[in-house]
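> Protein chains in written order, with our numbering: chain A, 1 to 133; chain B, 1 to 120. In this text, a Cβ means the ideal position worked out from N, Cα and C, and glycines have one as well. Source: prediction; values computed, not measured.
1. Can you check DSSP and say which residues form a bridge with residue 59 of chain A?
2. Return the Cβ separation of residue 61 of chain A and residue 52 of chain A in integer angstroms, given the expectation that the two are a contact with Cβ distance under 8 Å.
3. Under 8 Å Cβ to Cβ from residue 24 of chain A, same chain only, skipping five residues before and after it: list those, please.
4. Give the interface partners of residue 12 of chain B over in chain A, defined as CB-CB distance under 7 Å, in chain order.
5. When the Cα atoms are used, what is the spatial distance from residue 112 of chain B to residue 131 of chain A?
6. Is the shortest distance between the beta-carbon of residue 65 of chain A and the beta-carbons of chain B less than 9 Å?
7. Given a cut-off of 9 Å, decide if residue 94 of chain A and residue 73 of chain A are closer than it, judged by their beta-carbon atoms.
8. Comparing the C-beta of residue 73 of chain A with each C-beta of chain B, is any distance below 9 Å?
9. Just mark residue 119 of chain A as buried or exposed, buried being the case when its beta carbon has 16 or more other beta carbons within 10 Å.
10. Please list the segments of the beta strand (DSSP E) lying wholly inside the stretch 36-119 of chain A, counting only runs of 3 or more residues, in order along the chain.
11. Taking the alpha carbon of residue 67 of chain A as the reference point, which residue from A:58, A:48, A:115 has its own alpha carbon closest?
12. Are three or more beta carbon pairs between the stretch 21-37 of chain B and the stretch 9-24 of chain A nearer than 8 Å?
13. When the Cβ atoms of the stretch 29-40 of chain A are set against those of the stretch 38-52 of chain B, are three or more pairs found closer than 8 Å?
14. Rounded to a whole number of angstroms, what is the C-alpha to C-alpha distance between residue 42 of chain A and residue 70 of chain A?
15. Note down, in chain order, every chain A residue with its Cβ under 7 Å from the Cβ of residue 88 of chain B.
16. Quick one: what does DSSP say residue 71 of chain B is sitting in, helix, strand or coil?
17. My output table needs one value for residue 32 of chain A: the three-state DSSP class, helix, strand or coil.
18. With a threshold of 9 Å between beta carbons, is residue 83 of chain B in contact with chain A?
19. Looking at the unbroken alpha helix (DSSP H) that takes in residue 47 of chain B, where does it start and where does it end?
20. Buried or exposed, going by whether 16 or more other CB atoms sit within 10 Å of the CB of residue 44 of chain B?
21. Note down, in chain order, each residue of its chain lying with its Cβ closer than 6 Å to the Cβ of residue 136 of chain A, except the 5 sequence neighbours on either side.
22. If you draw a straight line from the alpha carbon of residue 45 of chain A to that of residue 98 of chain A, how long is it in whole angstroms?
23. Express the C-alpha separation of residue 13 of chain A and residue 55 of chain A in angstroms, rounding to a whole number.
24. CA-CA distance, residue 56 of chain B and residue 20 of chain A?
25. Please state whether DSSP places residue 14 of chain B in a helix, a strand or coil.
26. DSSP three-state label for residue 42 of chain B, please.
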């Protein structure tokens with residue numbers, strides 16, 4: 001029954017989108033973390049989605065991995081900062097707050113879509129159960 | 001007698017099965033809206049239903065063939081190779097939902113008609 005596989009597909013999408021939201025939250029929270037546990041600034045992280053094909057064209061989503069953003073760190077002139085180097089520059093994380101806000105909105109919209117898909121599938125199944133009554 | 005009943009309900013049962021398969025495909029497209037390189041798929045419902053009813057009429061008793069999947073042609077291609085257009089998919093999903101419910105009602109009506117005939 002195909003309608004049951006919708007639950008699995010939609011829930012995989014919801015799990016993937018919530019992981020993306022988690023990573024976005026981590027990036028936004030650490031947008032100004034000049035030092036991390038190893039003494040280096042935080043690096044922005046991004047999730048990579050991958051389609052996980054099932055039989056006859058259906059595919060769920062999985063998070064293939066969380067990769068570090070390779071873009072260069074932000075350098076800000078602030079000689080008062082304790083982490084400033086000899087020339088007075090502080091190395092800050094390469095988090096782009098605007099990009100992360102866009103990511104957050106996109107993830108939350110996609111999550112909502114999956115919830116609606118799941119609700120529709122549930123309603124259809126419940127109606128199918130009353131067939132012939 | 002039983003095969004006549006079966007033949008009567010066959011068309012709408014096929015329609016219902018194909019609608020639920022299409023619903024799952026559209027759910028797949030919506031789920032993979034953010035997956036880079038994913039290509040949206042769908043099938044020609046009218047063609048699949050006519051093939052299924054031909055197969056049922058031939059009476060071979062074979063399991064119905066899976067409908068041939070086609071890639072959707074996006075009107076605005078995206079840079080990451082994903083061809084899901086959320087608005088189009090959502091519209092198709094809503095449309096398919098209503099048509100599934102319609103098939104369900106037709107089937108319910110047929111069953112009710114049969115029951116009335118049995119009671120009389």
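With the given structure in hand:
1. Here residue 59 of chain A refers to the residue found at position 59 when the first chain is read from its first residue. As a beta-bridge residue in DSSP terms, residue 59 of chain A pairs with A:53.
2. Counted from its first residue, the first chain places residue 61 of chain A at position 61. Counted from its first residue, the first chain places residue 52 of chain A at position 52. With a Cβ gap of about 7 Å, residue 61 of chain A and residue 52 of chain A count as contacting.
3. If you number the first chain from 1, residue 24 of chain A lands on position 24. Here the set comprises 100, 103, 104, 107.
4. On the second chain, residue 12 of chain B is found 12 positions in, with the first residue counted as 1. Those do not exist, as residue 12 of chain B stays about 10 Å from chain A at its closest Cβ, beyond 7 Å.
5. The residue given as residue 112 of chain B occupies position 112 in the second chain. The residue given as residue 131 of chain A occupies position 131 in the first chain. Spanning the two alpha carbons is a distance of roughly 10 Å.
6. Here residue 65 of chain A refers to the residue found at position 65 when the first chain is read from its first residue. Judged by the 9 Å Cβ criterion, residue 65 of chain A is not in contact with chain B.
7. Along the first chain, one-based indexing puts residue 73 of chain A at 73. Along the first chain, one-based indexing puts residue 94 of chain A at 94. Note that the C-beta distance between residue 73 of chain A and residue 94 of chain A is below 9 Å.
8. Sequence index remark: in the first chain, residue 73 of chain A carries index 73 (1-based). The beta-carbon of residue 73 of chain A is placed no less than 9 Å from the nearest beta-carbon of chain B.
9. Indexing the first chain from 1 puts residue 119 of chain A at position 119. Under this definition residue 119 of chain A is an exposed residue.
10. Secondary structure in the stretch 36-119 of chain A: the beta strand (DSSP E) runs of 3 residues or longer, each lying completely within the stretch, are 45-53, 59-68, 74-77, 89-92 in chain order.
11. For the purposes of this step, residue 67 of chain A is taken as the residue at position 67 of the first chain. Closest by alpha carbon: A:48.
12. Contact annotation: the stretch 21-37 of chain B touches the stretch 9-24 of chain A, with at least three C-beta pairs closer than 8 Å.
13. No: the two stretches stay apart, fewer than three of their Cβ pairs being nearer than 8 Å.
14. On the first chain, position 42 is the one that residue 42 of chain A refers to. On the first chain, position 70 is the one that residue 70 of chain A refers to. Going by the C-alpha atoms only, they are around 12 Å apart.
15. Translated into the one-based positions of the second chain, residue 88 of chain B becomes position 88. By Cβ distance, chain A contributes nothing, its closest Cβ being about 13 Å from residue 88 of chain B, past 7 Å.
16. Here residue 71 of chain B refers to the residue found at position 71 when the second chain is read from its first residue. If DSSP states are grouped into helix, strand and coil, residue 71 of chain B belongs with the strands.
17. Working through the first chain from its first residue, we reach residue 32 of chain A at position 32. Judged by DSSP in its simplified three-state form, residue 32 of chain A adopts coil rather than helix or strand.
18. Indexing the second chain from 1 puts residue 83 of chain B at position 83. At a cut-off of 9 Å between beta-carbon atoms, residue 83 of chain B makes no contact with chain A.
19. In the second chain, counting from the first residue as 1, residue 47 of chain B sits at position 47. Element bounds for residue 47 of chain B: 45-58.
20. For the purposes of this step, residue 44 of chain B is taken as residue 44 along the second chain, with counting starting at 1. Of the residues assessed, residue 44 of chain B falls on the exposed side of the cut-off, its CB having fewer than 16 other CB atoms within 10 angstroms.
21. Residue 136 of chain A lies beyond the stretch modelled for chain A, which goes from 1 to 133, so this question has no answer here.
22. Within the first chain, numbered from 1, the residue matching residue 45 of chain A stands at position 45. Within the first chain, numbered from 1, the residue matching residue 98 of chain A stands at position 98. Approximately 14 Å, taken between the alpha carbons.
23. Sequence index remark: in the first chain, residue 55 of chain A carries index 55 (1-based). Sequence index remark: in the first chain, residue 13 of chain A carries index 13 (1-based). One alpha carbon belongs to residue 55 of chain A, the other to residue 13 of chain A, and they sit about 17 Å apart.
24. For the purposes of this step, residue 56 of chain B is identified with residue 56 of the second chain, where counting begins at 1. For the purposes of this step, residue 20 of chain A is identified with residue 20 of the first chain, where counting begins at 1. Looking at the two C-alpha atoms, the distance is approximately 46 Å.
25. Indexing the second chain from 1 puts residue 14 of chain B at position 14. Residue 14 of chain B falls in the helix class under three-state DSSP.
26. The count along the second chain starts at 1 and reaches residue 42 of chain B at position 42. Reduced to three states, the DSSP call for residue 42 of chain B is strand.
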